[in-house]
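J.: Got a structure for you, questions after.
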Amino acid sequence: MSENEPQITCRDLVELVTDYLEGQIAAVEQHAIDDHLGECPGCAEYVRQMRLTIQAMRGLVSDEAMFPQTRDELMRAFSALHPSYP
Amino acid sequence: MQHVPSRAVAEEVVQDTWLGVINGIERFEGRSSLRTWIYRILLNNARTRGVREKRTLPFSYFRRRSEEGDDEPALDADRFQGRRNAHPGGWARPPVEWSSPEERLASDEARTVLLEAIAALPPRQRQVITLRDVQGFSSEEVRNALDVSETNQRVLLHRGRSKVRAALEGYFESGDAA
Numbered sequence: 005m006s007e008n009e010p011q012i013t014c015r016d017l018v019e020l021v022t023d024y025l026e027g028q029i030a031a032v033e034q035h036a037i038d039d040h041l042g043e044c045p046g047c048a049e050y051v052r053q054m055r056l057t058i059q060a061m062r063g064l065v066s067d068e069a070m071f072p073q074t075r076d077e078l079m080r081a082f083s084a085l086h087p088s089y090p
Numbered sequence: 004m005q006h007v008p009s010r011a012v013a014e015e016v017v018q019d020t021w022l023g024v025i026n027g028i029e030r031f032e033g034r035s036s037l038r039t040w041i042y043r044i045l046l047n048n049a050r051t052r053g054v055r056e057k058r059t060l061p062f063s064y065f066r067r068r069s070e071e072g073d074d075e076p077a078l079d080a081d082r083f084q085g086r087r088n089a090h091p092g093g094w095a096r097p098p099v100e101w102s103s104p105e106e107r108l109a110s111d112e113a114r115t116v117l118l119e120a121i122a123a124l125p126p127r128q129r130q131v132i133t134l135r136d137v138q139g140f141s142s143e144e145v146r147n148a149l150d151v152s153e154t155n156q157r158v159l160l161h162r163g164r165s166k167v168r169a170a171l172e173g174y175f176e177s178g179d180a181a
């Protein structure tokens, strides 16, 4: 790490992690974070947990989330509007 | 859905929304993405319905700018070393590695932890998290649907994600202790 690069602490990193994962971070900070993650197992685990958290939330939705009666009602409404639709 | 008082009413709002979509799709001009458009119809229905039900919370949603929580840290200060320690700002209590995370995160128990953690978030954080991370909207779609700036969207997302991760951390730690 060069002398001119900003040094970040673990405490900084947990506040920058979303900007980092969103790709919304200045190049110079990006390097500082990459360097930090390379040598800090705690922060590397933190970022990994953040990614796993996002993945797990994405897995919460399913097509079955809609109540059956809501679905039936909608299918009837749709058929009434579009009689040719099977 | 924080605009309406109950699950049953929420279901009706969802149904009305889909009817609105079915009836109004010909008026959709493609100026926003389809799901942003659908979400706007949903939000309008929820607000109208919430006003009609009179039991909903006031629209503090639009006023409470402080909820972005600019000074709300992602983790408690005691997770980090203080100024007098060898590495100020370094971990005092680093995160413990999650063991077999894919498997455990797919469990019903983890699902409950996630849903409860999301439900416990302040409304704006919950909306952004639900749209971005649960429903998979892009940040641009979320900004359009909720009328928030890019920066606010990201701050809300960050606060929300940090809390949901912390809830999962609790879940993993309790599992390891058992």
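First to last, the protein sequences are chains A and B.
Counting in our numbering, the first sequence runs from 5 upward without gaps.
Counting in our numbering, the second sequence runs from 4 upward without gaps.
Don't be surprised by glycine CBs; every beta carbon is placed ideally from N, CA and C.
Since the model is a prediction, treat every value here as computed from it, not as a measurement.
Tell me, to the nearest whole angstrom, how far the beta carbon of residue 96 (chain B) is from that of residue 107 (chain B); I am working on the premise that it is less than 8 Å.
T.: Position 93 of the second sequence holds residue 96 (chain B). Position 104 of the second sequence holds residue 107 (chain B). About 21 Å separates the two Cβ atoms, so there is no contact after all.
J.: Mind reading off the beta-carbon distance from residue 82 (chain A) to residue 25 (chain B)? Whole number of angstroms is fine, and I expect it under 8 Å.
T.: Numbered from its first residue, the first sequence carries residue 82 (chain A) at position 78. Numbered from its first residue, the second sequence carries residue 25 (chain B) at position 22. Contact flag correct, Cβ pair sits at about 6 Å.
J.: Output needed for residue 165 (chain B): all residues of its chain with C-beta closer than 8 Å, excluding positions within five of it in sequence on either side, in chain order.
T.: Indexing the second sequence from 1 puts residue 165 (chain B) at position 162. If we look at residue 165 (chain B) and ignore the five residues flanking it on each side, its Cβ neighbours are 77 and 78.
J.: From residue 122 (chain B) to residue 129 (chain B), what distance separates their C-alpha atoms?
T.: Translated into positions along the second sequence, residue 122 (chain B) becomes position 119. Translated into positions along the second sequence, residue 129 (chain B) becomes position 126. Whole-angstrom Cα-Cα distance: 7 Å.
J.: Considering only DSSP beta bridges, list what residue 83 (chain B) is partnered with.
T.: Here residue 83 (chain B) corresponds to residue number 80 of the second sequence, with the count starting at 1. Its beta-bridge partners are B:94.
J.: Roughly how many angstroms lie between the CA atoms of residue 103 (chain B) and residue 57 (chain A), to the nearest whole one?
T.: Translated into the one-based positions of the second sequence, residue 103 (chain B) becomes position 100. Translated into the one-based positions of the first sequence, residue 57 (chain A) becomes position 53. The alpha-carbon atoms of residue 103 (chain B) and residue 57 (chain A) are separated by roughly 14 Å.
J.: Report the residues of the stretch 14-29 of chain A with a CB closer than 8 Å to any CB of chain B, ordered along the chain.
T.: Those would be 14, 15, 16, 18, 19, 21, 22, 23, 26 and 28, in chain order.
J.: Whose C-alpha, out of B:124, B:119, B:17 and B:178, is nearest the C-alpha of residue 52 (chain B)?
T.: For the purposes of this step, residue 52 (chain B) is identified with residue 49 of the second sequence, where counting begins at 1. When each option's Cα is compared against that of residue 52 (chain B), the closest is B:17.
J.: Which value, in whole angstroms, describes the spacing of the CA atoms of residue 155 (chain B) and residue 84 (chain A)?
T.: Stepping through the second sequence from its first residue, residue 155 (chain B) is reached at position 152. Stepping through the first sequence from its first residue, residue 84 (chain A) is reached at position 80. Whole-angstrom Cα-Cα distance: 43 Å.
J.: Let me know if residue 115 (chain B) comes out buried or exposed under the rule of 16 or more other beta-carbons within 10 Å of its beta-carbon.
T.: The residue given as residue 115 (chain B) occupies position 112 in the second sequence. Residue 115 (chain B) comes out exposed.
J.: Mapping the DSSP letters down to three states, classify residue 2 (chain B) as helix, strand or coil.
T.: Here chain B covers residues 4 to 181 and nothing more, so residue 2 (chain B) does not appear.
J.: Based on Cα-Cα distance, which residue from B:176, B:124, B:168 and B:163 lies nearest to residue 51 (chain A)?
T.: Residue mapping note: residue 51 (chain A) aligns to position 47 of the first sequence, counting from 1. Selected option, being the one with the closest Cα: B:168.
J.: For residue 54 (chain A), which residues in chain B fall below 7 Å Cβ to Cβ?
T.: The residue you call residue 54 (chain A) lines up with position 50 of the first sequence. Neighbours of residue 54 (chain A) on chain B, chain order: 164 and 168.
J.: Quick one: which chain B residues come within Cβ less than 8 Å of residue 61 (chain A)?
T.: Your numbering for residue 61 (chain A) matches position 57 in the first sequence. By Cβ distance, chain B contributes 117, 121, 132, 136, 137 and 167.
J.: I need the DSSP call for residue 134 (chain B), collapsed to helix, strand or coil.
T.: Taking the second sequence and counting its residues from 1, the one referred to as residue 134 (chain B) is at position 131. It is helical.
J.: Which of the three DSSP states is assigned to residue 165 (chain B) in this structure?
T.: Walking along the second sequence from the start, residue 165 (chain B) turns up at place 162. Three-state DSSP puts residue 165 (chain B) in a helix.
J.: Taking its Cβ as the centre, do 16 or more other Cβ atoms sit within 10 Å of residue 175 (chain B), making it buried, or is it exposed?
T.: Against the second sequence, residue 175 (chain B) aligns to sequence position 172. It counts as buried.
J.: Which residue marks the beginning of the alpha helix (DSSP H) containing residue 64 (chain A), and which one marks its end?
T.: On the first sequence, residue 64 (chain A) is found 60 positions in, with the first residue counted as 1. Neither: residue 64 (chain A) is in no alpha helix (DSSP H) and is coded neither H nor E.
J.: Are the CB atoms of residue 132 (chain B) and residue 149 (chain B) nearer to each other than 8 Å?
T.: Translated into positions along the second sequence, residue 132 (chain B) becomes position 129. Translated into positions along the second sequence, residue 149 (chain B) becomes position 146. No, they are not a contact pair.
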